[in-house]
Amino acid sequence: MADTISVSIIITFAAELLFSLALPILALVIWKKKEGTELRPAWIGAAAYFVFGMVLEQLINAAVLGTGSSAVSAFLLGHPWLYAVYGGLSAGILEETARFLVYRTMLKDSVGRENAVTFGVGFGGLECIMVLGLTVLSTLMMSISFNNMGAEAFAAQYANSEYQIVLETIAEINAISPLAGVMNCVERTAVFALQIELSVLMFGVVRSQKFWLYPVSILLHAVVGFLAALYQTNVLTSVYLLEVLLVVYAVAVFFLARKVYGELPMEKSRELDHFGRVIKRK
(Lines of atoms letter the chains of each structure in order from A and count residues from 1; the text may use other names and numbers.)
(Lines give C-alpha, C1' and ligand atoms only; values in the text may rest on other atoms or scores of the structure.)
Protein backbone atom coordinates (compact mmCIF):
# COMPACT_ATOMS: atom_id res chain seq x y z
CA MET A 1 0.00 0.00 0.00
CA ALA A 2 1.27 3.48 -0.84
CA ASP A 3 2.20 5.66 2.13
CA THR A 4 0.39 8.72 0.80
CA ILE A 5 -1.91 9.81 -1.97
CA SER A 6 -0.33 12.33 -4.32
CA VAL A 7 -1.11 15.99 -3.72
CA SER A 8 -1.75 16.40 -7.46
CA ILE A 9 -4.50 13.78 -7.23
CA ILE A 10 -6.11 15.53 -4.26
CA ILE A 11 -5.97 18.84 -6.15
CA THR A 12 -7.62 17.12 -9.13
CA PHE A 13 -10.48 15.88 -6.93
CA ALA A 14 -10.92 19.34 -5.39
CA ALA A 15 -10.97 20.94 -8.84
CA GLU A 16 -13.63 18.49 -10.04
CA LEU A 17 -15.75 19.22 -6.98
CA LEU A 18 -15.51 22.97 -7.54
CA PHE A 19 -16.28 22.51 -11.22
CA SER A 20 -19.43 20.50 -10.47
CA LEU A 21 -20.72 23.40 -8.36
CA ALA A 22 -19.46 26.26 -10.52
CA LEU A 23 -20.86 25.01 -13.84
CA PRO A 24 -24.59 25.12 -12.95
CA ILE A 25 -24.28 28.15 -10.65
CA LEU A 26 -22.47 30.26 -13.25
CA ALA A 27 -24.85 29.10 -15.98
CA LEU A 28 -27.84 30.13 -13.88
CA VAL A 29 -26.36 33.51 -12.93
CA ILE A 30 -25.38 34.33 -16.52
CA TRP A 31 -28.74 33.21 -17.92
CA LYS A 32 -30.71 35.22 -15.35
CA LYS A 33 -28.63 38.31 -16.05
CA LYS A 34 -29.02 37.90 -19.81
CA GLU A 35 -32.74 37.11 -19.96
CA GLY A 36 -34.05 38.44 -16.64
CA THR A 37 -35.87 35.19 -15.97
CA GLU A 38 -37.33 34.06 -12.66
CA LEU A 39 -35.43 31.33 -10.84
CA ARG A 40 -38.39 29.17 -9.81
CA PRO A 41 -38.10 26.87 -12.88
CA ALA A 42 -34.52 26.05 -11.88
CA TRP A 43 -35.53 24.91 -8.39
CA ILE A 44 -38.41 22.91 -9.85
CA GLY A 45 -36.03 21.39 -12.41
CA ALA A 46 -33.65 20.31 -9.67
CA ALA A 47 -36.53 18.76 -7.70
CA ALA A 48 -37.78 16.98 -10.82
CA TYR A 49 -34.37 15.44 -11.44
CA PHE A 50 -34.11 14.29 -7.84
CA VAL A 51 -37.54 12.64 -7.84
CA PHE A 52 -37.44 11.08 -11.31
CA GLY A 53 -33.72 10.77 -12.06
CA MET A 54 -32.51 9.72 -8.62
CA VAL A 55 -35.39 8.15 -6.71
CA LEU A 56 -37.77 6.61 -9.27
CA GLU A 57 -35.08 5.61 -11.75
CA GLN A 58 -33.06 3.88 -9.03
CA LEU A 59 -36.13 2.08 -7.71
CA ILE A 60 -37.05 0.81 -11.17
CA ASN A 61 -33.49 -0.29 -11.89
CA ALA A 62 -33.38 -2.09 -8.56
CA ALA A 63 -36.64 -3.86 -9.36
CA VAL A 64 -35.59 -4.87 -12.88
CA LEU A 65 -31.90 -5.58 -12.37
CA GLY A 66 -31.84 -6.38 -8.66
CA THR A 67 -28.71 -8.28 -7.70
CA GLY A 68 -28.53 -10.10 -11.02
CA SER A 69 -30.21 -13.21 -9.63
CA SER A 70 -33.53 -12.92 -11.47
CA ALA A 71 -34.03 -14.26 -14.98
CA VAL A 72 -34.63 -10.78 -16.43
CA SER A 73 -31.61 -9.17 -14.80
CA ALA A 74 -29.36 -12.13 -15.65
CA PHE A 75 -30.48 -11.94 -19.27
CA LEU A 76 -29.87 -8.18 -19.56
CA LEU A 77 -26.54 -8.29 -17.76
CA GLY A 78 -25.48 -11.16 -19.98
CA HIS A 79 -26.26 -9.20 -23.15
CA PRO A 80 -24.45 -5.83 -22.96
CA TRP A 81 -26.18 -4.34 -26.01
CA LEU A 82 -29.64 -5.09 -24.63
CA TYR A 83 -28.55 -3.82 -21.23
CA ALA A 84 -27.46 -0.58 -22.90
CA VAL A 85 -30.81 -0.26 -24.70
CA TYR A 86 -32.65 -0.81 -21.41
CA GLY A 87 -30.46 1.72 -19.58
CA GLY A 88 -30.92 4.35 -22.25
CA LEU A 89 -34.67 3.94 -22.63
CA SER A 90 -35.40 3.79 -18.90
CA ALA A 91 -33.56 7.07 -18.32
CA GLY A 92 -35.07 8.66 -21.43
CA ILE A 93 -38.66 7.74 -20.64
CA LEU A 94 -38.50 8.71 -16.97
CA GLU A 95 -36.64 12.00 -17.31
CA GLU A 96 -38.46 13.23 -20.41
CA THR A 97 -41.80 12.33 -18.84
CA ALA A 98 -40.70 14.30 -15.78
CA ARG A 99 -40.19 17.36 -17.96
CA PHE A 100 -43.54 16.88 -19.68
CA LEU A 101 -45.47 16.53 -16.42
CA VAL A 102 -43.77 19.50 -14.78
CA TYR A 103 -44.37 21.74 -17.79
CA ARG A 104 -48.04 20.76 -17.81
CA THR A 105 -48.54 21.29 -14.07
CA MET A 106 -46.11 23.24 -11.90
CA LEU A 107 -44.86 25.41 -14.78
CA LYS A 108 -48.09 25.67 -16.75
CA ASP A 109 -48.13 29.46 -16.31
CA SER A 110 -44.47 29.89 -17.28
CA VAL A 111 -45.09 30.05 -21.00
CA GLY A 112 -41.93 31.85 -22.14
CA ARG A 113 -39.16 29.88 -23.81
CA GLU A 114 -36.59 31.31 -21.39
CA ASN A 115 -38.09 29.12 -18.67
CA ALA A 116 -37.15 25.96 -20.59
CA VAL A 117 -33.48 26.84 -20.33
CA THR A 118 -33.81 27.85 -16.67
CA PHE A 119 -35.52 24.53 -15.93
CA GLY A 120 -32.79 22.67 -17.81
CA VAL A 121 -30.06 24.40 -15.81
CA GLY A 122 -31.70 23.25 -12.58
CA PHE A 123 -32.35 19.74 -13.88
CA GLY A 124 -28.92 19.21 -15.38
CA GLY A 125 -27.22 21.20 -12.63
CA LEU A 126 -28.35 18.91 -9.85
CA GLU A 127 -27.33 15.91 -11.96
CA CYS A 128 -23.86 17.41 -12.35
CA ILE A 129 -23.55 17.95 -8.60
CA MET A 130 -24.90 14.50 -7.71
CA VAL A 131 -23.00 12.48 -10.32
CA LEU A 132 -19.66 14.30 -10.30
CA GLY A 133 -19.63 16.42 -7.15
CA LEU A 134 -20.81 13.94 -4.54
CA THR A 135 -18.81 11.09 -6.06
CA VAL A 136 -15.56 13.01 -6.04
CA LEU A 137 -16.32 14.49 -2.60
CA SER A 138 -16.36 11.05 -0.99
CA THR A 139 -13.09 10.12 -2.72
CA LEU A 140 -11.53 13.44 -1.73
CA MET A 141 -12.46 12.95 1.92
CA MET A 142 -11.06 9.41 1.87
CA SER A 143 -7.80 10.65 0.34
CA ILE A 144 -7.36 13.41 2.90
CA SER A 145 -8.17 11.01 5.73
CA PHE A 146 -5.66 8.49 4.37
CA ASN A 147 -2.88 11.08 4.25
CA ASN A 148 -3.67 12.46 7.71
CA MET A 149 -3.92 9.08 9.44
CA GLY A 150 -1.21 7.21 7.61
CA ALA A 151 -1.55 3.95 5.73
CA GLU A 152 -1.47 1.56 8.69
CA ALA A 153 -3.90 3.50 10.89
CA PHE A 154 -6.26 4.02 7.97
CA ALA A 155 -6.29 0.33 7.03
CA ALA A 156 -6.74 -0.68 10.69
CA GLN A 157 -10.25 0.82 10.63
CA TYR A 158 -11.46 -1.97 8.39
CA ALA A 159 -12.10 -5.65 9.04
CA ASN A 160 -9.76 -8.25 7.58
CA SER A 161 -12.37 -9.13 4.95
CA GLU A 162 -12.34 -5.52 3.72
CA TYR A 163 -8.57 -5.02 3.82
CA GLN A 164 -7.95 -6.16 0.26
CA ILE A 165 -10.72 -3.90 -1.04
CA VAL A 166 -9.10 -0.96 0.76
CA LEU A 167 -5.75 -1.78 -0.82
CA GLU A 168 -7.29 -1.91 -4.28
CA THR A 169 -9.19 1.34 -3.74
CA ILE A 170 -6.09 3.24 -2.64
CA ALA A 171 -4.13 1.81 -5.57
CA GLU A 172 -6.86 2.91 -7.99
CA ILE A 173 -6.90 6.42 -6.50
CA ASN A 174 -3.12 6.71 -6.83
CA ALA A 175 -3.33 5.61 -10.45
CA ILE A 176 -5.68 8.47 -11.39
CA SER A 177 -4.16 11.17 -13.58
CA PRO A 178 -5.17 14.84 -13.75
CA LEU A 179 -6.24 14.18 -17.34
CA ALA A 180 -8.95 11.86 -16.03
CA GLY A 181 -10.31 14.75 -13.99
CA VAL A 182 -10.38 16.95 -17.08
CA MET A 183 -12.24 14.25 -19.01
CA ASN A 184 -14.81 13.95 -16.21
CA CYS A 185 -15.45 17.68 -16.43
CA VAL A 186 -15.76 17.51 -20.22
CA GLU A 187 -18.27 14.68 -19.91
CA ARG A 188 -20.37 16.54 -17.34
CA THR A 189 -20.34 19.70 -19.47
CA ALA A 190 -21.63 17.79 -22.50
CA VAL A 191 -24.35 16.05 -20.47
CA PHE A 192 -25.29 19.35 -18.78
CA ALA A 193 -25.70 20.97 -22.20
CA LEU A 194 -27.80 18.02 -23.39
CA GLN A 195 -30.12 18.31 -20.40
CA ILE A 196 -30.77 21.95 -21.28
CA GLU A 197 -31.29 21.11 -24.95
CA LEU A 198 -33.72 18.30 -24.11
CA SER A 199 -35.59 20.64 -21.77
CA VAL A 200 -36.11 23.00 -24.71
CA LEU A 201 -37.35 20.19 -26.95
CA MET A 202 -39.91 19.01 -24.40
CA PHE A 203 -41.00 22.61 -23.90
CA GLY A 204 -41.80 22.59 -27.61
CA VAL A 205 -44.06 19.57 -27.06
CA VAL A 206 -46.11 21.38 -24.43
CA ARG A 207 -46.08 24.98 -25.66
CA SER A 208 -46.07 24.51 -29.46
CA GLN A 209 -48.01 21.23 -29.62
CA LYS A 210 -45.10 19.56 -31.42
CA PHE A 211 -46.02 16.13 -30.09
CA TRP A 212 -43.61 14.37 -32.43
CA LEU A 213 -40.84 15.82 -30.27
CA TYR A 214 -41.92 13.66 -27.32
CA PRO A 215 -40.64 10.33 -28.72
CA VAL A 216 -37.74 12.15 -30.37
CA SER A 217 -36.68 13.59 -27.00
CA ILE A 218 -36.87 10.16 -25.39
CA LEU A 219 -34.73 8.61 -28.12
CA LEU A 220 -32.21 11.47 -28.07
CA HIS A 221 -31.93 11.10 -24.31
CA ALA A 222 -31.66 7.33 -24.59
CA VAL A 223 -28.55 7.63 -26.75
CA VAL A 224 -26.63 9.17 -23.83
CA GLY A 225 -27.58 6.35 -21.47
CA PHE A 226 -26.87 3.84 -24.22
CA LEU A 227 -23.31 5.09 -24.69
CA ALA A 228 -22.70 5.21 -20.94
CA ALA A 229 -23.94 1.63 -20.53
CA LEU A 230 -21.70 0.41 -23.36
CA TYR A 231 -18.73 1.92 -21.55
CA GLN A 232 -19.79 0.41 -18.21
CA THR A 233 -20.00 -3.05 -19.78
CA ASN A 234 -16.63 -2.63 -21.57
CA VAL A 235 -18.15 -2.83 -25.04
CA LEU A 236 -16.89 0.72 -25.51
CA THR A 237 -13.42 0.59 -23.95
CA SER A 238 -11.98 4.05 -24.68
CA VAL A 239 -13.06 6.82 -22.33
CA TYR A 240 -11.63 9.34 -24.79
CA LEU A 241 -13.86 8.03 -27.57
CA LEU A 242 -16.84 8.22 -25.21
CA GLU A 243 -16.12 11.87 -24.38
CA VAL A 244 -15.66 12.79 -28.05
CA LEU A 245 -18.96 11.10 -28.94
CA LEU A 246 -20.79 12.94 -26.15
CA VAL A 247 -19.39 16.34 -27.14
CA VAL A 248 -20.18 15.83 -30.84
CA TYR A 249 -23.65 14.59 -29.92
CA ALA A 250 -24.34 17.59 -27.68
CA VAL A 251 -23.33 19.94 -30.49
CA ALA A 252 -25.58 18.11 -32.97
CA VAL A 253 -28.62 18.20 -30.68
CA PHE A 254 -27.96 21.90 -30.05
CA PHE A 255 -28.95 22.80 -33.62
CA LEU A 256 -32.33 21.07 -33.28
CA ALA A 257 -32.89 22.68 -29.86
CA ARG A 258 -31.99 26.11 -31.23
CA LYS A 259 -34.52 25.74 -34.05
CA VAL A 260 -37.27 24.71 -31.64
CA TYR A 261 -36.30 27.49 -29.22
CA GLY A 262 -36.59 30.10 -31.95
CA GLU A 263 -40.17 29.02 -32.66
CA LEU A 264 -41.30 29.18 -29.03
CA PRO A 265 -43.05 32.23 -27.53
CA MET A 266 -41.11 34.64 -25.36
CA GLU A 267 -42.08 35.43 -21.79
CA LYS A 268 -43.97 38.66 -21.26
CA SER A 269 -41.96 41.28 -19.43
CA ARG A 270 -42.32 40.79 -15.68
CA GLU A 271 -40.81 42.53 -12.69
CA LEU A 272 -38.57 40.32 -10.56
CA ASP A 273 -37.14 40.78 -7.08
CA HIS A 274 -33.50 40.16 -6.12
CA PHE A 275 -34.23 36.45 -5.65
CA GLY A 276 -35.61 36.04 -9.17
CA ARG A 277 -39.23 35.82 -8.02
CA VAL A 278 -42.08 37.49 -9.90
CA ILE A 279 -43.36 40.60 -8.13
CA LYS A 280 -47.15 40.59 -8.18
CA ARG A 281 -48.65 44.07 -8.12
CA LYS A 282 -52.21 44.64 -6.96
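Residue 602 in the working numbering sits at position 58 of the sequence shown; the count goes up by one each step and never skips. Each residue gets a CB set at the ideal place from its N, CA and C atoms; glycine is no exception.
Cα atoms of residue 702 and residue 659: separation of roughly 49 Å, rounded to the nearest angstrom. A direct Cα-to-Cα measurement between residue 748 and residue 811 gives close to 14 Å. Under the 10 Å beta carbon count, residue 551 is surrounded by fewer than 16 other beta carbons and is classified as exposed. Taken in chain order, the complete alpha helix (DSSP H) segments of 4 or more residues contained in the stretch 584-663 are 584-592, 601-609, 615-622 and 624-648.
In the three-state scheme derived from DSSP, where H, G and I count as helix and E and B as strand, residue 575 is classed as helix. In this model, residue 639 and residue 597 are separated by some 6 Å (Cα to Cα). Separation of residue 616 and residue 608 (C-alpha to C-alpha, rounded to the nearest whole angstrom) is 7 Å. By the CB criterion at 8 Å, residue 554 and residue 676 fall outside the cutoff.
Beyond the five residues adjoining it in sequence on each side, residue 797 comes within less than 7 Å, by CB distance, of 738, 741 and 764 in the same chain, given in chain order. Here residue 610 is exposed. Its C-beta has fewer than 16 other C-beta atoms within 10 Å. Using a Cβ distance threshold of 8 Å, residue 627 and residue 777 count as a contacting pair.
Boundaries of the alpha helix (DSSP H) harbouring residue 803: 783-807, taken from the DSSP string. DSSP, reduced to helix, strand and coil, places residue 779 outside both helices and strands of the structure shown, so it counts as coil.
The beta carbons of residue 666 and residue 585 sit closer together than 8 Å.
Taking C-beta separations shorter than 8 Å and ignoring five residues to either side along the sequence, the partners of residue 657 in its chain run 744, 747, 751, 805, 808, 809, 810 and 811, following chain order. A check of alpha carbon separations from residue 803 across 766, 771, 757 and 773 identifies 757 as the nearest.
Listed in chain order, the beta strand (DSSP E) runs fully inside the stretch 649-736 amount to none, counting runs of at least 3 residues.
At a Cβ-Cβ threshold of 8 Å, residue 790 and residue 724 do not count as neighbours. In the three-state reduction of the DSSP assignment, residue 553 falls in the helix class. For the pair residue 636 and residue 695, the Cα-to-Cα distance works out to about 43 Å.
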